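Asks: Everything in the sequence shown is counted per numbering that gives the first Met the number 0, starting at 0 for the first residue and increasing by one. Glycine is no exception: its CB is placed at the ideal position from the N, C-alpha and C atoms. No experiment lies behind these values; they were computed from the predicted model shown.
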Amino acid sequence: MSCHRLAAAPELAGGRGHQQRVREPGNSGSSQCATMELGPLEGSYLELLNSDADPLCLYHIYDQMDLAGEEEIELYSEPDTDTINCDQFSRLLCDMEGDEETREAYANIAELDQYVFQDSQLEGLSKDIFKHIGPDEVIGDSMEMPAEVGQKSQKRPFPEELPADLKHWKPAEPPAVVTGSFLVGPVSNSSTLPCLPLPTLFNQEPASGRMHLEETDQMPMPSSSSSLSCLNLPEGLIQFVPTVSTVPQGLWQISGTGTGVSSIFIYHGEVPQASQVPPPSGLTVHGLPTSPDRPGSTSPFAPSATDLPSMPEPALISRANVTEHKTSPTQCQAAGEVSNKLPKWPEPVEQFYRSLQDTYRAEPAGPDGILMEVDLVQARLERSSSKSLERELATPDWAERQLAQGGLAEGLLAAKERRRPRETQVIAMLGKAGQGKSYWAGAVSRAWACGRLPQYDFVFSVPCHCLNRPGDVYRLQDLLFSLGPRPLVAADEVFSHIVKRPDRVLLILDAFEELEAQDGFLHSTCSPAPAEPCSLRGLLAGLFQKKLLRGCTLLLTARPRGRLVQSLSKADALFELSGFSMEQAQAYVMRYFECSGMTEHRDRALALLRDRPFLLSHSHSPTLCRAVCQLSEALLELGEDAELPSTLTGLYVGLLGCAALNGPPGALAQLAKLAWELGRRHQSTLQEDQFPSADVRTWAMAKGLVQHPPGATESELAFPSFLLQCFLGALWLALSGEIKDKELPQYLALTPRKKRPYDNWLEGVPRFLTGLIFQPRARCLGALVGPSATALADRKQKVLARYLKRLQPGTLRARQLLELLHCAHEAEEAGIWQHVVQELPARLSFLGTRLTPPDAHVLGKALEAAGQDFSLDLRSTGIDPSGLGSLVGLSCVTHFRAALSDTVALWESLQQHGDTELLQAAEEKFTIEPFKAKSLKDVEDLGKLVQTQRTRSSSEDTAGELPAVRDLKKLEFALGPISGPQAFPKLVRILTAFSSLQHLDLDALSENKIGDEGVSQLSATFPQLKSLETLNLSQNSITDLGAYKLAEGLPSLAASLLRLSLYNNCICDMGAESLARVLPDMVSLRVMDVQYNKFTAAGAQQLAASLRKCPHVETLAMWTPTIPFSVQEHLQQQDSRISLR
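1. Taking the C-alpha atoms as reference points, what is the distance between Gln1023 and Gln404?
2. Can you say whether Leu192 is buried or exposed, counting buried as having 16 or more other CB atoms within 10 angstroms of its CB?
3. Of all the alpha helix (DSSP H) runs that stay within the bounds of the stretch 815 to 844, which reach a length of 4 or more residues?
4. Under the DSSP definition of a beta bridge, which residues are partnered with Phe1141?
5. Among the residues of its own chain, which have a CB less than 6 Å from the CB of Ser844, if the five just before and after it don't count?
6. Note down, in chain order, each residue of its chain lying with its Cβ closer than 7 Å to the Cβ of Ser437, except the 5 sequence neighbours on either side.
7. I want to know whether the stretch 647 to 655 touches the stretch 688 to 695 - three or more CB-CB distances under 8 Å.
8. Using only the alpha-carbon positions, how far apart do Leu1074 and Gly578 sit?
9. Since Gly1070 and Tyr1043 should fall inside the 8 Å C-beta cutoff, what is the C-beta to C-beta distance between them, to a whole number of angstroms?
10. Which value, in whole angstroms, describes the spacing of the CA atoms of Gly830 and Ala823?
11. At which residues does the beta strand (DSSP E) containing Met428 begin and terminate?
12. Given a cut-off of 8 Å on the beta-carbon distance, is the pair Trp731 and Ala666 in contact?
13. At what residue ranges does the stretch 722 to 760 contain a whole run of the alpha helix (DSSP H), taking only runs of 4 or more?
14. Which residues mark the beginning and the end of the beta strand (DSSP E) in which Arg1140 is found?
15. Would DSSP call Asp640 helix, strand or coil?
16. Leaving out five residues before and five after Asp740 in sequence, what residues of the same chain have Cβ atoms less than 6 Å from its Cβ?
17. Under 8 Å by Cβ, that's how I've got Pro808 and Glu838 pegged, so tell me the actual separation to the nearest angstrom.
18. Output the boundary residues of the beta strand (DSSP E) element that contains Phe930.
19. Taking C-alpha atoms, which residue in Arg590, Arg1136 and Ala1099 lies nearest to Phe1124?
20. So, with DSSP's three-state summary, where would you put Asp602?
21. To the nearest angstrom, report how far apart Ile750 and Glu742 are at their CA atoms.
22. Closest to Pro1050 by C-alpha separation, out of Leu1040, Gly975, Leu1084 and Gly859, would be which residue?
23. In three-state terms, what does DSSP make of Phe543?
24. Suppose you measure from the CA of Leu768 to the CA of Arg965; what does that come to, to the nearest Å?
25. Under 8 Å between the Cβ atoms of Val376 and Glu575?
26. State the start and end residues of the unbroken beta strand (DSSP E) segment that holds Gln686.
27. I need the boundaries of the beta strand (DSSP E) containing Pro572, first residue and last residue.
28. Report the residue from Ala572, Leu478, Leu1032 and Val1014 whose alpha carbon sits nearest the alpha carbon of Pro1154.
29. Report, in whole angstroms, the separation of the C-beta atoms of Leu355 and Phe457, which I expect to be a contact under 8 Å.
30. Exposed or buried, what is Gly859 when buried is set at 16 or more other beta-carbons lying within 10 Å of its beta-carbon?
31. Determine the burial state of Ile1122: buried for a count of at least 16 other Cβ atoms within 10 Å of its Cβ, exposed for fewer.
32. Can you tell me the Cβ-Cβ gap for Phe983 and Gly1013, rounded? I've got them flagged as a contact below 8 Å.
33. Go ahead and pull the three-state DSSP assignment for Val705.
34. Could you check the C-alpha separation between Gly435 and Pro621 for me, to the nearest Å?
35. If you drop the 5 nearest sequence neighbours on each side, which residues of the same chain put their C-beta closer than 7 Å to that of Pro775?
36. Going by the CB atoms, is the gap between Leu722 and Leu623 shorter than 8 Å?
Here it is as structure tokens:
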């Protein structure tokens, strides 16, 4: 007969204590009544919390058995107490499952459960209770608890000591990632057994968090082993049973009698990893009916992993020490074999899990399978201007980028751990067209299939072009199972299992910008019930509004354009793909030719790319890098004297030239029209019946111009890349007679119209259009469609040439100016290029405008051709170090501004590489005039610049000051009342290095509040600030003490200071007297402002009397509400230099 142990809890609803009697079978099968007194509990939950009851007794631990074949458990209670058996309790839980309000109520009760089991005193108990217990005592017949442990009342904080929002309360220190476990062994003489190290018993890794309390793992124990100082365990099978993580850390023994079970050992601690999980077999320890959505708990009030963020999920018990790299098929297969050995789910769920893994595990073959690790940058949104509420993707400086540590796996895991419990998490992956977002989404799916994302049990990847379907007949299971890369067959049991654990689900929506009206999902009124059919738009609205599959993780990939960015403002995490570096692009070329079996052409292809710096700069885009490889492969097959074109237009003309000439008549033009019409509707997919003829469709598919996208139906086709669609759209504009000549300039998007503006969704069209129109016909437009079809292009060329030559580059915004430079470069027309570069202004500011490697290249080429000197502002452009170095090294660039951190990093890199000439140019041209510190990092970067100068001056091979430090004349400090007092001492320590400083402005709209201490520190630097002319100390909470310290230091500035402002401080009469005494000594002072202070008529009269001794002072502004107006008028009548405005 099985051994039953039932820990009974007092009745919560009735508030009365009672006795629970449990039949406990003895060795002979007879039962004995064990009675446990819990004492009377009158009141509600707080009475229970302050009672002497052990919280561990609230959990029920007993062996599961066949209730029909074994002795039934009897629960005795008082006559007025309701009783319920296990079957009734199970039905009750099933009824609660579909009731959202009931589930929410029990979720709140679960938080009380967490509150009970994470008591600080229990943590203390776990540390002390086993301190004096040896190995022999641990596995004795009983475990003796210290008397004070059972007697001490588990007190709770008072309500006023608790957080206001208990639902989202988290402990001050998150608990360590630990797990508890049961060890069950047969009866034997444990005293004669050898000792085994306890951690080796748990040498296994959890598989995707699919552990339940009802399931166990057995481990064979050898009869002999080396003796170690650890726990003695009996010979035979040892079963590993996961349990709650709130059991005190250590080893407990629960003794009892029964059929072959001597003790239950509870081990609670951190479980080490292992490479192999033993197969389960043999005896099983069963539990009470588990509550819905709370596997591993026998209490209906036990919190789930989603309810309690501080309790680790099973998948997070131990993290695999893996790096983000290409997992071999052998490793994937091994991971699948391990998961197959753990029958933790029902068989249909296991089968679906394996089929889903197989779907995503397949890796692309050939060049498609090349995987290059690129940086994942944490992104953020910021307001486009101070007067606008619209947000746009922020452009951090290169050194300020925050890389996602650990790659995609650690990035997703960190984001998951930061989210609030039972809340859907939205993560967006942003990047320009061609940056590899879709490939990255596929890599995430493959990483999960290979076991590198254990925090998710199921991953579903859905291309968003599949979601633009009409109809109101879709359900949530259709979105998950029918619209992915391959339709999946799933039973209702599988779907029910998934919706019970939404926190273990990752849903990937690829190319989110292709959804129609995607910006309205957060505000849509569609909020269907999970079982009600609706439109796909309604399903997505329910997901984003956290009403469907609440608690899941939504991963979006999108281009950061237009109103879509506003929809992502509430995303929980934003990441950005940075693209290839110069070294990665060249490595990709080498691997491409290796995978293509053309290793002999590898070095030659790399030499061709290096000969075209413009194409090399564009190779930061994976799509363009592959296009370059494809054209190089075709050219090298023709002969060794091949060379790549110098423009993007020439690149795509070379790729499509042969395909166009071998196709049906007019096929390319018809395909170009389809591309343009789809782009106007913000789409990239088309139906087979949209082709003008079957021949055109067959030709386009055979040449790779269209293909079946993943997840699409058999009748759906798409262009293989967005840039190819842009090129075809521009080709249609160049050939079409339907476009009026006067409308053609709007498609360049250089001077947007206020009425009916062109949205430029096909953002590559302007550059391709100018290239197709202006480049020689024979090697461009004529090579695609033949000489006879280019008649209209001549007239369009005249229209665009007239428009471009009328533009004034100095009046364009930075983004439009860069686009104009790209268009002029693609045109390869000398007249247009000369007009654009000669009209460039001498001072070019790209502040806040992102500069990509192609932007930096074409800008440098334009500056060299202009024939004049330029001053560049490159702050907040995100320019990479190589681009910054190339622009700084131009002889026509005389001054430049960039982020301090980026510039210092550039200097250090040049010094390490021994490029002395470029280093000297970068130091002499760099300027920070004027400098405004708006954050603590600005002050720290300024300190690094000063430290660089001091290091440079102390070295033997260099001498002199840095021009940026030596020539700084205006310095503003505006950090606000929080950061200001903290950062100001750091500024004071480096202030004396700026020998030419003339204007020191410490005033901020939000008030810096440097206080009297800050003024005292500043006054000590006055003797070294010989050139200071303006000192603004307004709104800094200066009192009489600060005014006294200031007056002591002002004589050091008597020969230079022209303007002094103490506006809106707390200076009283004593402070006014201190200023009045020093005023005659300030022979160079012309303006003094002491308005809105606290001094009275007495202080004003002292200042007025001192002013009469200062004929050099032109204005004294001292109106303040504490002085009677009649007194102020009288003083002004006596001296007109006193200003009351």
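Replies: Straight from the coordinates:
1. In the sequence shown, the residue the question calls residue 1023 occupies position 1024. In the sequence shown, the residue the question calls residue 404 occupies position 405. Those two C-alpha atoms are separated by around 45 Å.
2. Residue numbering aside, residue 192 sits at position 193 when the sequence shown is read from its first letter. Any reading at Leu192 is ruled out, since the residue's pLDDT is 35, under 50, leaving its predicted position unreliable.
3. 829 to 837
4. Not covered by the structure: residue 1141. The range shown for the chain is 0 to 1140.
5. In the sequence shown, the residue the question calls residue 844 occupies position 845. So the qualifying residues of the chain are Asp872.
6. The residue given as residue 437 occupies position 438 in the sequence shown. Asp509, Ala510 and Thr556.
7. no
8. On the sequence shown, residue 1074 is found 1075 positions in, with the first residue counted as 1. On the sequence shown, residue 578 is found 579 positions in, with the first residue counted as 1. If you take the alpha carbons of Leu1074 and Gly578, they lie about 60 Å apart.
9. Start at 1 with the first residue of the sequence shown, and residue 1070 comes out as number 1071. Start at 1 with the first residue of the sequence shown, and residue 1043 comes out as number 1044. With a Cβ gap of about 7 Å, Gly1070 and Tyr1043 count as contacting.
10. Taking the sequence shown and counting its residues from 1, one reaches residue 830 at position 831. Taking the sequence shown and counting its residues from 1, one reaches residue 823 at position 824. Cα to Cα, the separation comes out at about 9 Å.
11. For the purposes of this step, residue 428 is taken as the residue at position 429 of the sequence shown. Its beta strand (DSSP E) spans residues Gln424 to Leu429.
12. In the sequence shown, the residue the question calls residue 731 occupies position 732. In the sequence shown, the residue the question calls residue 666 occupies position 667. No, the pair does not count as a contact, with Cβ atoms beyond the cut-off.
13. none
14. Residue 1140 sits at position 1141 when you count from the first residue of the sequence shown. From DSSP, Arg1140 is part of no beta strand (DSSP E); its letter is neither H nor E.
15. Your numbering for residue 640 matches position 641 in the sequence shown. Coil.
16. Counted from its first residue, the sequence shown places residue 740 at position 741. Excluding sequence neighbours, Asp740 sits near Val798.
17. As a working note, residue 808 is residue 809 in the sequence shown. As a working note, residue 838 is residue 839 in the sequence shown. Right, their Cβ atoms sit about 5 Å apart.
18. Stepping through the sequence shown from its first residue, residue 930 is reached at position 931. That run of the beta strand (DSSP E) goes Phe930 to Ala932.
19. Mapped onto the sequence shown, residue 1124 falls at position 1125. Ranking the options by Cα distance to Phe1124, first place goes to Ala1099.
20. Sequence index remark: in the sequence shown, residue 602 carries index 603 (1-based). Helix.
21. Here residue 750 refers to the residue found at position 751 of the sequence shown. Here residue 742 refers to the residue found at position 743 of the sequence shown. Checking the sequence, you will find Thr at residue 750 rather than Ile. In a straight line, the C-alpha of Thr750 is about 12 Å away from that of Glu742.
22. Working through the sequence shown from its first residue, we reach residue 1050 at position 1051. When only C-alpha atoms are compared, the closest one is Leu1084.
23. Looking up residue 543 in the sequence shown gives position 544. Three-state result, Phe543: helix.
24. As a working mapping, residue 768 is identified with position 769 in the sequence shown. As a working mapping, residue 965 is identified with position 966 in the sequence shown. Each residue's Cα considered, the two are about 49 Å apart.
25. Counting from 1 along the sequence shown, the entry for residue 376 is found at position 377. Counting from 1 along the sequence shown, the entry for residue 575 is found at position 576. Contact: yes.
26. Working through the sequence shown from its first residue, we reach residue 686 at position 687. Where Gln686 is concerned, the enclosing beta strand (DSSP E) stretches over Thr684 to Gln686.
27. Numbered from 1 along the sequence shown, position 573 holds the residue referred to as residue 572. The question names Pro, but residue 572 is Ala in the sequence shown. It spans Ala572 to Leu576 - the beta strand (DSSP E) in which Ala572 sits, taken as one unbroken run.
28. The requested residue 1154 is not part of the displayed model; the chain covers only 0 to 1140.
29. Stepping through the sequence shown from its first residue, residue 355 is reached at position 356. Stepping through the sequence shown from its first residue, residue 457 is reached at position 458. Contact holds; Cβ gap of about 6 Å.
30. Position 860 of the sequence shown, counted from the first residue, corresponds to residue 859. Answer is buried; the Cβ neighbour count reaches 16.
31. Residue numbering aside, residue 1122 sits at position 1123 when the sequence shown is read from its first letter. It is buried - the Cβ of Ile1122 has at least 16 other Cβ atoms within 10 Å.
32. On the sequence shown, residue 983 is found 984 positions in, with the first residue counted as 1. On the sequence shown, residue 1013 is found 1014 positions in, with the first residue counted as 1. That pair is a contact at about 5 Å.
33. Mapped onto the sequence shown, residue 705 falls at position 706. If DSSP states are grouped into helix, strand and coil, Val705 belongs with coil.
34. In the sequence shown, residue 435 corresponds to position 436, counting from 1. In the sequence shown, residue 621 corresponds to position 622, counting from 1. Spanning the two alpha carbons is a distance of roughly 6 Å.
35. Start at 1 with the first residue of the sequence shown, and residue 775 comes out as number 776. Excluding residues within five positions, none has a Cβ falling inside 7 Å.
36. As a first step, residue 623 is located in the sequence shown; it is residue number 624 there, counting from the start. As a first step, residue 722 is located in the sequence shown; it is residue number 723 there, counting from the start. Result yes, Cβ atoms of Leu623 and Leu722 sit closer than 8 Å.
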